[in-house]
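Asks: Starting off with a structure, shown below.
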Amino acid sequence: MKIAVYPGSFDPVTMGHMDIIRRGAQMFDKLVVSVLINTNKKSLFTMEERVELLKKSVEGAGLTNVEVSSFSGLLADYTEQIGACTIVRGLRAVTDFENEFQLALINRKLNPNADTVFLVTSAENMYLSSSLVREVGSFGGDISEFVPPEVIGQVTARLVNKAE
Ligand code: PNS
-17 MKIAVYPGSF DPVTMGHMDI IRRGAQMFDK LVVSVLINTN KKSLFTMEER VELLKKSVEG
43 AGLTNVEVSS FSGLLADYTE QIGACTIVRG LRAVTDFENE FQLALINRKL NPNADTVFLV
103 TSAENMYLSS SLVREVGSFG GDISEFVPPE VIGQVTARLV NKAE
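In terms of the working numbering, the sequence shown has 14 at position 32, counting the first letter as 1, and numbering is strictly consecutive.
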């Protein structure tokens, strides 16, 4: 059974993430989408909220071989723990590459049994990021094209609340 992990902050999940999840799910027997801590970012949604939003979105998309989880340690350790052989990451632009390259190398050093594969984002999602969604939503802008339909209400309400 080929298990892959798709790690990220998912603060919150976007249509860009869903595109990668959908395509990753077609490539592996099981895809574990996991919320991990990025020490370089200050998060808005709690870990539990991010997991809940992902679960609703994955369920709504009807993706039966996708599991959602969270982990507060090293990605390399989590990959080992769940027996995943691949780490999936999405690439939007060249600007993503340097950081992703470094992450892939350190992760392979820490766990030589797992390799990173990059899925190139679909063109329509190139500009999309969780931070843009947070910014647009917190100023009352329409985020309905940016986040999965199952969670628009919840994400909008939370962003508006946060801004008040
Ligand atoms: O969505 P993001 O913020 O780009 O995801 C980055 C993430 C969460 C995958 C990365 O920061 C991570 O793997 N965090 C867990 C700790 C870890 O293993 N760091 C990398 C090796 S030092």
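We treat Cβ as the ideally placed atom computed from N, Cα and C, and that holds for glycine. Quick caveat: nothing in here was measured; it's all calculated off a predicted structure.
So the alpha helix (DSSP H) residue 116 belongs to, where does it begin and stop?
Replies: Following the DSSP letters along the chain, one finds residue 116 inside the alpha helix (DSSP H) bounded by residues 112 to 120.
Asks: Are there 16 or more other CB atoms within 10 angstroms of the CB of residue -11, so buried, or fewer, so exposed?
Replies: buried
Asks: Compute every distance between the C-beta of residue 57 and the non-hydrogen atoms of ligand 1, then say whether any falls below 6 Å.
Replies: yes
Asks: Please report the distance separating the alpha-carbon of residue 135 from that of residue 102.
Replies: 28 Å
Asks: According to DSSP, residue 31 sits in a beta bridge with which residue or residues?
Replies: Bridge partners of residue 31: none, in fact.
Asks: Return yes when at least one heavy atom of ligand 1 lies under 6 Å from the C-beta of residue -11, else no.
Replies: Remark: the shortest separation between the CB of residue -11 and any heavy atom of ligand 1 falls under 6 Å.
Asks: Going by DSSP, what residues sit across from residue 53 in a beta bridge?
Replies: 18
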